[in-house]
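Quick note on my numbering: the sequence shown kicks off at 2 and runs consecutively.
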Amino acid sequence: MNGEGKIRNTNVQEFEGGFTLVELFQYLWKNLLLILGIVVATVAVGVVYTWLIVTPKYTSTAEIVFTINRKKSTSGNFATKISEIKAELPSLVVILGSEEFITEALIDASEDEESGITFNDIQELEKLVKKVKGLVTITNPKDQLLIKIQTTSVDSKLAYVVTKYVSELAAKEIDLNQYDDEETIIVAVENRLVTRAKLPTSPSSPNKILNVIISFLVGAIISVVVVLLKEQFSGVFKSSEEIEKLTGYPIIGEIFEQEYDDNGGEE
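In structure tokens form, the structure reads like this:
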């Protein structure tokens, strides 16, 4: 009896421990329609959200590259001078993203009628600057002599105009040249606008294809979890093997359900 008890306990643990791989595939196949329904519904929600609910945004980008040239013999190591110039770029990022600099760029833009930038008084200008400041992102990729300017907005023209005038003003006003005591340039730094702002023709977000893929994966995961929970908590024995696993005893016979006609006779 003790041996039987041990076998019985082992079988119960095996049953409670989860499904075998074969059983898992059987459950998934049996619930294929449920799985497909959940996946299709999830993808449909993702499509509706991406195409109809989310407002598309547009991004315009400009890049300024700094080229360093030695003008005359330097008292220090030239590599050290380059490191000093690189160290100045993070502070430049802060300056270019400041309200003062953006204000100057918007004033320049307002002089061009085609830019669409207009304001009637200082209050309107300040309001516009605060709005634009939240749209502009200025970065300096690590260890690169480069500054990237990006503007993201639901208005593609505004994104283009802001990036254009901020980048052009930056390229004109940035001075990273290094001078000696006599104000002679010893290390010349040329600002080159290598990537000019362009009017974006397609939205940068949302990423429609990526959203559909994510919706599909989420739907697949949810459907598998639902099927596993459904089968795990089902109180019905689906085969004699399940009863044997639970009790630890072999099944010696099965009684099948009889179906009767309307007169009480067996069909």
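The beta-carbon is built from N, C-alpha and C at its ideal position, and this holds for glycine as well.
Closest in C-alpha terms to residue 51, from the list 209, 97, 214, comes 209. Assignment of residue 225 by DSSP, reduced to helix, strand and coil, places it in the helix class. Here residue 116 carries a helix assignment [DSSP, helix/strand/coil]. Taking the Cα positions, residue 174 is about 11 angstroms away from residue 105.
In the structure shown, residue 198 adopts coil according to DSSP, grouped into three states.
Of the residues assessed, residue 132 falls on the exposed side of the cut-off, its CB having fewer than 16 other CB atoms within 10 angstroms. For residue 184, there is no enclosing alpha helix (DSSP H), as DSSP marks it with neither H nor E. Residue 147 and residue 160 have their C-alpha atoms some 20 angstroms from each other.
Close CB contacts of residue 157 within its chain, under the 7 angstroms cut and outside five residues either way in sequence, are with 59, 200, 201 (chain order). Cβ neighbours of residue 84 within its own chain (closer than 7 angstroms, five residues either side excluded): none. In this structure, residue 110 lies near residue 163, with their beta-carbon atoms less than 9 angstroms apart. Looking at 30, 177, 125, the one whose alpha-carbon comes closest to that of residue 68 is 177. In this structure, residue 205 keeps its C-beta atom at 9 angstroms or more from the C-beta atom of residue 140.
Three or more pairs of CB atoms, one per stretch, sit closer than 8 angstroms, so the stretch 212-228 contacts the stretch 32-41. Beta-bridge analysis with DSSP links residue 59 to 154.
Excluding residues up to 5 positions away in sequence, 107, 120 lie with their Cβ nearer than 7 angstroms to the Cβ of residue 129 in the same chain. Distance from the CA atom of residue 189 to the CA atom of residue 90, rounded to whole angstroms, is 15 angstroms. Taking 9 angstroms as the cut-off, the Cβ atoms of residue 225 and residue 29 count as close. Per the DSSP secondary-structure output, residue 192 pairs in a beta bridge with 67. Between residue 100 and residue 134 a beta carbon distance of about 6 angstroms is seen, short of the 8 angstroms cut, so the two are scored as contacting.
If you compare the alpha carbons of 211, 179, 230 with that of residue 81, the shortest gap goes to 179.
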